[in-house]
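436 is the number of the first residue of the sequence shown in the numbering used here; add one for each residue after it. One structure below.
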Amino acid sequence: MGARRTFRAKVSGATEGRPSVELAGPLDLNAAAAFKEALIEALREGARRVVVDLSDVTFIDSTALGVLAAGITRLNQIDGTLEVVCPNQEIRRIFEVSGLDHILAISTSPDEGAA
436 MGARRTFRAK VSGATEGRPS VELAGPLDLN AAAAFKEALI EALREGARRV VVDLSDVTFI
496 DSTALGVLAA GITRLNQIDG TLEVVCPNQE IRRIFEVSGL DHILAISTSP DEGAA
């Protein structure tokens with residue numbers, strides 16, 4: 436059996452008002468609580484724009500999609516936006532199938548999202 440990659444979440448830039456939540460590994464039921472906490476930390480400073488970077492995410496499930504949807508709802512309440520960086524075509528396809536691509540700003544690189 437292959438080694439399971441560990442999930443990691445890191446928040447950067449929260450004190451500058453433009454937080455980024457950088458995630459790595461499988462974003463599944465086991466990682467959902469850590470993802471939610473990272474998103475809450477990013478929002479704690481009153482940010483109106485949050486970037487969730489999925490560049491190093493290897494898998495995403497419906498629980499993680501639910502965390503994203505909750506983040507979108509919370510930011511919409513303050514006229515904010517949640518942007519996603521996702522170069523992985525398979526994961527972007529999940530956003531398309533779920534319909535989240537219609538309510539998320541999705542880019543393939545951090546530079547594209549900042550433009």
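By construction, the Cβ of each residue, glycine as well, lies at the ideal position given by its N, Cα and C atoms.
Unbroken alpha helix (DSSP H) run spanning residue i, endpoints
i    : result
T498 : S497 to N511
I475 : A467 to R479
R527 : Q524 to S533
Residues of its chain near residue i, where Cβ-Cβ distance is below 7 Å and the 5 sequence neighbours each way are ignored
i    : result
P461 : R440, F442, T493 and F494
R509 : L478
I513 : R483
I538 : I507
Residue interval of the beta strand (DSSP E) (run including residue i)
i    : result
E457 : S455 to L462
T543 : First-last for T543: undefined, no H or E at that position.
T441 : No beta strand (DSSP E) contains T441, which DSSP labels as neither H nor E.
E518 : T516 to V520
Alpha carbon of residue i to alpha carbon of residue j, nearest angstrom
i    : j    : result
V446 : A469 : 11 Å
D488 : L517 : 11 Å
A550 : G481 : Note that A550 scores a pLDDT of 47, beneath 50, so its modelled location is shaky and nothing firm can be said.
Nonlocal neighbours in the same chain, by C-beta distance under 8 Å from residue i, ignoring five residues either side
i    : result
A473 : A444, K445, V446, V456 and L458
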